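A.B. asks:
Residue numbers (our numbering): -16 to 294.
Listed below in structure tokens is the structure:
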């Protein structure tokens, strides 16, 4: 019937899972990202209530009730002309505002969920393009979408995503203070331009970083983790950052740098040392306060990107 508003039964139950990511890793500013083994799990169950009820679990429980939900907004905007009535349940163990790509994971999840609830197949290119466009850069969206270590290059035809090798010897340790940092706030700290010499030095460090990650070469990773484009400016927003970096190095880390925009810090180390490095960094952030919002843990790279899960 022309003009009929689709009934709630036009939407199906669906569930998707997306990994978190760390980005930059020092010299890979706005270019390099790595999928890690903490996940956002989102499901939709249609009903006849006439409204969309959002249930937040895990790290999302602390968000204010009136906080605009990225997944819900994408779902409602993409499912045009259909009454989005049901329960949107989200469980995440990705810290929010701590530099592990929580917003990129939400955008990837939201765009694929909007396809899944309509019974449509995955369209990974379109899902990534939408998340990339909304994020403004692809260093978190690419690994959350495709998994693994990814680089994103800008071209006239849009972003090009490349898969890069990563040695299984390389481990990762993460810690964050009790305060978050918004990406917008972190970007406001950056200079409008840098010198030609500084840009050239950064290119050399990026090459060292990529080679070091591929081979598990600690010396190359130390060189590649050095950065002058973004890290010094973002460090100012992270309490006790210098002490935490020192603690990580003392515990065996090859290098420690800002994860994404912060406020978390990510360490690269031998995978056998990752738990000890994470604990040392956590203690340096916590300073004995016992603050539950201050945390540290080891992370493992994952080749699992966006997944649709049986529901």
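All C-beta atoms in this analysis are idealised placements derived from N, C-alpha and C, irrespective of residue type, glycine included. All of these numbers come straight from a predicted model, not from anything done at the bench.
In the DSSP output, what is residue 205 paired with across the bridge?
C.D. replies: In the DSSP output, where bridge partners are listed per residue, residue 205 has none listed.
A.B. asks: In angstroms with no decimal places, state the Cα-to-Cα distance between residue 146 and residue 133.
C.D. replies: 5 angstroms
A.B. asks: Quick test of your reading: residue 155 and residue 34, contact by CB under 8 angstroms. State the CB separation rounded to the nearest angstrom.
C.D. replies: Between residue 34 and residue 155 the Cβ distance is about 41 angstroms, and since that is not below 8 angstroms, they are no contact.
A.B. asks: With a threshold of 16 other CB atoms inside 10 Å of the CB of residue 279, please say whether the residue is buried or exposed.
C.D. replies: Residue environment analysis places residue 279 among the buried positions, since at least 16 neighbouring C-beta atoms fall within 10 angstroms of its C-beta.
A.B. asks: From which residue to which residue does the alpha helix (DSSP H) around residue 190 run?
C.D. replies: 179 to 198
A.B. asks: Threshold first: 4 residues or longer. Then list the alpha helix (DSSP H) segments lying entirely within the region 211 to 253, N to C.
C.D. replies: Counting only unbroken stretches of 4 or more residues, the alpha helix (DSSP H) elements lying wholly within the region 211 to 253 are 214 to 218 and 224 to 233, in sequence order.
A.B. asks: Buried or exposed for residue 12, please, with buried defined as at least 16 other CB atoms from any protein chain shown within 10 angstroms of its CB.
C.D. replies: buried
A.B. asks: Could you please give the first and the last residue of the uninterrupted alpha helix (DSSP H) stretch that includes residue 59?
C.D. replies: 53 to 61
A.B. asks: Just to confirm the assignment: which complete alpha helix (DSSP H) runs, minimum length 4, are found wholly within the region 25 to 110?
C.D. replies: For the region 25 to 110, whole alpha helix (DSSP H) runs of length 4 or above, ordered along the chain, are 53 to 61 and 85 to 99.
A.B. asks: Please return the same chain residues whose Cβ sits closer than 7 angstroms to the Cβ of residue 292, not counting the five positions on each side in sequence.
C.D. replies: -2, -1 and 0
A.B. asks: Could you tell me if residue 288 is buried or exposed, where buried requires 16 or more neighbouring beta carbons within 10 angstroms of its beta carbon?
C.D. replies: Under the 10 Å beta carbon count, residue 288 is surrounded by 16 or more other beta carbons and is classified as buried.
A.B. asks: I want to know whether the region 74 to 83 touches the region 92 to 112 - three or more CB-CB distances under 8 angstroms.
C.D. replies: Segments in contact, no.
A.B. asks: In chain order, what residues of the same chain lie with their CB nearer than 8 angstroms to the CB of residue 316, ignoring the 5 residues before and after it?
C.D. replies: Since the displayed the chain opens at -16 and closes at 294, residue 316 lies outside it and no answer follows.
A.B. asks: Would you check if the distance between the CB atom of residue 16 and the CB atom of residue 53 is smaller than 7 angstroms?
C.D. replies: no
A.B. asks: Using a threshold of 7 angstroms, state whether the C-beta atoms of residue 26 and residue 160 are closer than that.
C.D. replies: no
A.B. asks: Got a sec, what are the start and stop residues for the beta strand (DSSP E) residue 138 sits in?
C.D. replies: 132 to 138
A.B. asks: Does DSSP classify residue 291 as helix, strand or coil?
C.D. replies: strand
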